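Below is one structure, written out as structure tokens; comments come after it.
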Amino acid sequence: MDINILTDTEAAMLQELIAASNHIVICGHKSPDGDAMGACLGWREYLCSLGKDAVVVLPDAYPDFLHWLPNSEKIVRFDKNQERATKLFQEADLVCCLDFNAPNRVEDMEKALVSSPAKVLVVDHHLQPSFDDASLVVSRPEASSTCELIFRLVWQLGGFESMSRKWASCIYCGMMTDTGGFTYNSTDPIIYFIIGELLTKHIDKDKIYRNVFNNYSSWAMRFRGYIMSQKLNVLDDLHATFYAVSRREMEEFHFIKGDLEGLVNEPLRIKGVKMSISLREDVERDNLVWVSLRSVDDFPCNKVAQEYFEGGGHLNASGGRVNGTIADAIEIAKKAIYAYAELLKK
Ligand code: 5GP
Ligand code: MN
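This is the structure in structure tokens:
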């Protein structure tokens with residue numbers, strides 16, 4: 047099995063890039079998920095094992111169910127510590143951008159990122175990377191997760207032996223979350239080879255599963271049930287569903303970040319449904335609705351995200367936004383579903 051993903055020249059470039067850097071900033075996308083967090087923290091472990099000063103800087107809050115990740119308490123949040131984060135970017139000699147394909151995916155942190163004088167390394171599995179002037183771009187859209195890529199880089203660079211249990215847990219977390227617990231986008235045998243290797247580091251994979259997926263507050267559980275029972279619109283003939291969640295409802299159910307994570311997948315459990323759309327009002331900003339889309343088989347929800355929601359993503363998992371009210375977002379979602387009626391009906 048060929049674990050190595052870089053050519054010898056690229057591997058040498060990466061090694062040189064790391065060797066020449068002492069102050070390294072590692073960043074992930076806005077609203078970081080298990081893959082972004084796992085990749086950042088896992089890569090940090092690797093760099094620290096080489097004696098580097100490496101700091102993870104994230105644009106904003108991460109969900110409650112990821113707080114168990116080792117060293118997450120050391121993460122610098124840009125929204126909370128703008129000055130410190132900006133200084134770290136300014137003083138860095140290397141910035142590693144993990145699990146996102148374009149600087150604007152860090153939203154408000156974009157300026158601090160692009161104005162850093164540091165060299166840039168990108169490791170990602172989204173389509174169409176667009177970073178100007180990056181020193182090395184490791185873009186593998188066919189990979190299940192960025193954590194898989196991080197593992198393979200560490201392996202290729204000879205760092206596996208020094209991998210600790212905590213470090214391995216970060217990698218497993220991202221591989222697990224980006225594949226829905228290995229239920230989609232996870233047919234590559236290499237994934238299971240990697241898991242086998244991670245298990246030799248004594249990760250507790252069942253506990254990691256429970257930490258991530260079975261960790262709702264009672265409010266979150268009730269909120270999810272409420273949305274599925276009261277708010278879900280099922281367009282049976284069109285094999286599509288959508289739901290819209292308002293800020294008022296979020297307040298009512300004591301919403302905190304992560305409470306609705308993955309809920310957009312739930313309607314795909316209805317027989318025949320090919321696409322599910324989630325619309326959620328921003329908790330602070332007016333006229334901003336966050337959109338998540340999921341699909342099955344070859345239905346391209348990333349095209350819908352691109353055409354209707356200023357977004358994009360993977361074939362079966364994408365996101366975007368509506369700069370408007372929740373009512374506007376509902377109208378756009380309906381329009382998008384009807385526009386794709388033929389393909390959805392197939
Ligand atoms: P989620 O629904 O979990 O927020 O996002 C699902 C997938 O779509 C993730 O892989 C994410 O990176 C991608 N995605 C979410 N929002 C955007 C966006 O605005 N633009 C692009 N290109 N991808 C997005
Ligand atoms: Mn990812």
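With the working numbering as the guide, the letters of the sequence shown map in order to residues 47 to 392.
Ideal Cβ placement from N, Cα and C applies to all residues, glycine included.
Note that this is a predicted model, so its numbers are computed, not measured.
Selected residue, minimal CA-CA separation from A180, among L203, L144 and D328: For the purposes of this step, residue 180 is identified with residue 134 of the sequence shown, where counting begins at 1. Nearest in C-alpha terms to A180, of all of L203, L144 and D328, is L144.
Assign T55 to one of two classes, buried (16 or more other C-beta atoms within 10 Å of its C-beta) or exposed (fewer than that). On the sequence shown, residue 55 is found 9 positions in, with the first residue counted as 1. Answer is exposed; the Cβ neighbour count stays below 16.
Reduced DSSP category for Y230 - H, G, I as helix; E, B as strand; rest coil: Position 184 of the sequence shown, counted from the first residue, corresponds to residue 230. Looking at Y230 - three-state DSSP - the assignment turns out to be coil, as it is neither helix nor strand.
Quick one: does the C-beta of D224 sit closer than 7 Å to a heavy atom of the ligand MN? As a position in the sequence shown, residue 224 is number 178, starting the count at 1. At least one heavy atom of the ligand MN sits closer than 7 Å to the Cβ of D224.
Less than 6 Å between C-beta atoms, sequence neighbours within five positions excluded: which residues of the same chain meet that for N311? Here residue 311 refers to the residue found at position 265 when the sequence shown is read from its first residue. For N311, where only same-chain residues beyond five positions count, the Cβ hits under 6 Å are R340.
Give the straight-line distance between the Cα atoms of M221 and T229, rounded to the nearest whole angstrom. Counting from one through the sequence shown, the residue named residue 221 turns up at place 175. Counting from one through the sequence shown, the residue named residue 229 turns up at place 183. For the pair M221 and T229, the Cα-to-Cα distance works out to about 11 Å.
List in chain order the residues whose CB is within less than 5 Å of at least one heavy atom of the ligand 5GP. My final list is S338, G357, G358, G359, A363, S364, G365 and G366.
In the region 47 to 82, which residue ranges form an unbroken beta strand (DSSP E) of at least 3 residues, counting only runs that do not cross its ends? Runs of the beta strand (DSSP E) spanning 3 or more residues and lying entirely within the region 47 to 82 occur at 69 to 73, in chain order.
Could you please give me the residues that DSSP links to D374 through a beta bridge? On the sequence shown, position 328 is the one that residue 374 refers to. For D374, DSSP records no beta bridge to any residue.
Among R211, S118 and I254, which one has its Cα closest to the Cα of V102? Along the sequence shown, one-based indexing puts residue 102 at 56. Ranking the options by Cα distance to V102, first place goes to S118.
I think C216 touches E91, with their Cβ atoms under 8 Å apart; what is that distance to the nearest whole Å? As a first step, residue 216 must be located in the sequence shown, where it is residue number 170. As a first step, residue 91 must be located in the sequence shown, where it is residue number 45. Sure, about 7 Å apart at Cβ, within 8 Å.
With 16 other CB atoms within 10 Å as the buried threshold, where does K157 fall? In the sequence shown, residue 157 corresponds to position 111, counting from 1. Classification of K157: exposed, given that the 10 Å Cβ count is below 16.
For L325, collect the residues of the same chain with a Cβ closer than 8 Å to its Cβ; drop the 5 residues on either side in sequence, then sort them by chain order. In the sequence shown, counting from the first residue as 1, residue 325 sits at position 279. The answer, listed in chain order, is F288, Y289, A290, V291, V335, W336, V337, V368, I372, A375, I376 and A379.
Would you kindly work out how many angstroms separate the C-alpha atoms of S232 and F239, rounded to a whole number? As a working note, residue 232 is residue 186 in the sequence shown. As a working note, residue 239 is residue 193 in the sequence shown. The C-alpha of F239 is placed about 12 Å away from the C-alpha of S232.
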